[in-house]
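In our numbering, the protein residues as written are 78 to 193. Backbone N, C-alpha and C define an ideal beta-carbon position, used for all residues, glycine too.
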Amino acid sequence: MHTMPHLPPGPTPRFWQPLAYAHSPYRFFRSVHARYGDTFTVRTNALTLTVVTAHPEGVGQIFTAPADTFHMTLPKSLLRILGRQGLSGMHGEAHRRTRKLISPASTAKACAGWAA
């Protein structure tokens, strides 16, 4: 039996989230971040739960984890913001190659400077 992992808190009810996100993605994320903090769970479409982190250590852990640790398929709505050629939209060898190029700038120490 497959169990759902424990996810960070996020807004409820979830049915309005895709509408708010589609209307104004940046306002939506700023609002949820202000209420729930650096790490939260949202629904960006009817079927997808998305865990978002803005904490420098969390970002550092994601970017320094082995390439096969996380797998994500971005909804088209997120590709609109992050771009199809961005690291989060890549898979396989292209992802590994690009990730290796940006890894030095993605350490927890480097990411901490972004939050300052």
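C-beta contact flag for residue i and residue j at 8 Å
| i | j | result |
| --- | --- | --- |
| Leu-164 | Arg-176 | yes |
| Phe-117 | Pro-143 | no |
| Gly-169 | Leu-151 | no |
| Thr-130 | Asp-115 | yes |
| Asn-137 | Thr-89 | Residue identity differs from the one stated: residue 137 is Gly in this sequence, not Asn. No. Outside cutoff. |
| Tyr-218 | Gly-87 | Outside the modelled stretch of the chain, which goes from 78 to 193, sits residue 218, for which no answer is possible. |
Own chain residues within Cβ distance below 6 Å of residue i, not counting five before or after
| i | result |
| --- | --- |
| Thr-247 | One cannot answer for residue 247 here, as it falls past the ends of the chain, which runs 78 to 193. |
Buried versus exposed call for residue i [16 or more other C-beta atoms within 10 Å across all chains shown]
| i | result |
| --- | --- |
| Phe-105 | buried |
| Gln-162 | exposed |
| Pro-181 | exposed |
| Tyr-98 | buried |
| Leu-155 | buried |
Cutoff 7 Å; reference residue i; Cβ partners in own chain excluding five residues on either side
| i | result |
| --- | --- |
| Arg-91 | Arg-120 |
For residue i, the three-state DSSP class (helix, strand or coil)
| i | result |
| --- | --- |
| Phe-117 | strand |
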